[in-house]
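In our numbering, the protein residues as written are 6 to 365.
Pasting the structure below:
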């Protein structure tokens with residue numbers, strides 16, 4: 006009797022095994038694309054992932070997995086059990102999938118092992134095109150930190166009109182994230198959509214004393230660590246992440262806060278600064294940061310493109326005092342408006358600019 010192939014508990018461990026070894030594994034399907042070879046034979050390119058790694062995989066037309074995939078009609082994010090052989094393509098690890106099936110009731114798999122800790126926080130909220138924005142406030146009391154930190158903040162404040170609150174809000178070492186709004190830039194029309202903009206969800210860190218309060222629909226209270234975990238799960242599941250100056254502020258802030266709080270930063274959104282994928286920074290796309298047009302705010306870009314301005318009675322300078330007063334709902338509303346505006350700018354550029362870019 007042939008022995009059953011070993012089970013791979015973590016996809017990342019495939020790097021430690023020899024090429025040609027066959028294993029089984031539980032994984033989520035992150036992307037799935039059908040194609041044809043030069044001879045007309047069908048195949049699938051896919052990416053499978055668990056909490057430890059994402060790996061490219063191939064399903065050839067003459068394998069049993071090919072027919073199984075065609076019959077299964079798996080959607081993105083579906084969890085499967087695969088029988089695969091570890092191989093390589095262009096000096097990078099690639100799996101060849103021999104068998105694949107959706108999970109059954111008898112499968113003993115752990116959601117945290119596939120999706121990562123905290124996946125349930127954003128269950129049902131994953132987006133194909135993740136548009137996001139954050140709001141930050143001071144996260145420390147200067148009276149409670151070492152003198153070296155106080156002096157560092159004071160020196161930075163001297164360069165910012167003496168505004169220590171602004172300095173702390175803009176630094177992940179002294180500040181914290183209290184709101185993260187997100188939505189799908191390519192929404193499907195359904196019962197949950199808000200016109201053609203799509204729904205926006207806002208994750209918030211309640212001010213002290215408001216942790217147990219009820220919040221409006223679309224506003225989800227949680228700790229900062231949970232907010233960070235949620236973001237990385239959303240980014241990991243998305244095909245494209247869209248921001249306005251996210252490379253310059255939002256993502257570095259999120260990465261550093263994640264490091265401080267021990268949350269895995271699961272997706273690289275800062276390397277290859279002028280690449281359009283996986284992180285499309287609209288601020289950079291419009292020429293900023295390349296010695297080109299000079300900086301323009303989201304409000305100005307919206308005005309120029311004929312898009313409704315996200316700015317109402319609130320602006321960024323008011324976030325910290327608003328949080329100090331305990332009005333996290335006002336911050337969530339402001340944050341969500343920025344995401345809707347960013348999504349509208351993205352859709353405008355998707356129609357009038359991106360299709361004509363060689364790197365899109």
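We put the CB at the ideal spot given by N, CA and C, even for glycine.
As assigned by DSSP and simplified to three states, the class of residue i
i, result
"residue 248", "strand"
"residue 103", "strand"
"residue 178", "coil"
"residue 40", "strand"
"residue 199", "At residue 199 the pLDDT is 43, less than 50, meaning the model places this residue with poor confidence; the figure from the coordinates comes in the next sentence. Note: residue 199 maps to coil in three-state DSSP."
"residue 29", "strand"
"residue 207", "strand"
"residue 346", "helix"
"residue 150", "coil"
"residue 355", "helix"
"residue 279", "coil"
"residue 93", "strand"
"residue 170", "helix"
"residue 111", "coil"
"residue 314", "coil"
"residue 253", "helix"
"residue 289", "helix"
"residue 191", "coil"
"residue 9", "coil"
"residue 19", "helix"
"residue 126", "helix"
"residue 362", "coil"
"residue 131", "coil"
"residue 35", "strand"
"residue 24", "coil"
Segment limits, alpha helix (DSSP H) that includes residue i
i, result
"residue 116", "116 to 120"
"residue 284", "Taken as a continuous stretch (DSSP letters only), residue 284 belongs to no alpha helix (DSSP H), being part of the beta strand (DSSP E) at 284 to 286."
"residue 240", "229 to 242"
"residue 261", "256 to 266"
"residue 273", "Residue 273 -> no alpha helix (DSSP H), and no H or E assigned at all."
"residue 308", "303 to 310"
First and last residue of the uninterrupted beta strand (DSSP E) at residue i
i, result
"residue 140", "134 to 143"
"residue 226", "224 to 226"
Candidates the options, of which the one nearest residue i by Cα
i, options, result
"residue 145", "345, 325, 348 and 353", "325"
"residue 223", "213, 236, 214 and 209", "209"
"residue 52", "68, 331 and 35", "35"
"residue 279", "268, 267, 253 and 77", "253"
"residue 22", "40, 332, 99 and 248", "99"
"residue 229", "221, 264 and 135", "264"
"residue 306", "155, 319, 289 and 242", "289"
"residue 74", "92, 90 and 102", "102"
"residue 28", "38, 11, 42 and 15", "11"
"residue 186", "120, 346, 9 and 38", "346"
"residue 206", "336, 352, 39 and 70", "336"
"residue 361", "281, 149 and 106", "281"
"residue 87", "147, 106 and 365", "106"
"residue 321", "178, 138, 231 and 225", "138"
"residue 62", "78, 97, 44 and 120", "97"
"residue 178", "259, 13 and 91", "259"
"residue 364", "60, 277 and 31", "277"
Pair within 8 Å by beta-carbon distance, residue i and residue j
i, j, result
"residue 350", "residue 285", "no"
"residue 142", "residue 339", "no"
"residue 66", "residue 47", "yes"
"residue 266", "residue 239", "no"
"residue 118", "residue 56", "yes"
"residue 213", "residue 203", "no"
"residue 136", "residue 272", "no"
"residue 33", "residue 58", "no"
"residue 82", "residue 242", "yes"
"residue 5", "residue 49", "The question about residue 5 has no answer, for the chain in this structure spans 6 to 365."
"residue 262", "residue 150", "no"
"residue 268", "residue 257", "no"
"residue 158", "residue 172", "yes"
"residue 130", "residue 231", "no"
"residue 246", "residue 287", "no"
"residue 333", "residue 215", "yes"
Cβ-heavy atom distance, residue i to the ligand GTP, below 7 Å
i, result
"residue 130", "The ligand GTP is not part of the structure shown, which contains no ligands of any sort."
Any chain C beta carbon closer than 8 Å to residue i
i, result
"residue 268", "No chain C appears in this structure, which consists of one protein chain only."
task = With a floor of 3 residues, list each beta strand (DSSP E) that falls wholly inside the segment 47 to 89, ordered by position along the chain.
result = 47 to 54 and 59 to 65
task = Return the chain-ordered ranges of every alpha helix (DSSP H) run that is complete within the segment 316 to 342 and spans a minimum of 4 residues.
result = 324 to 329
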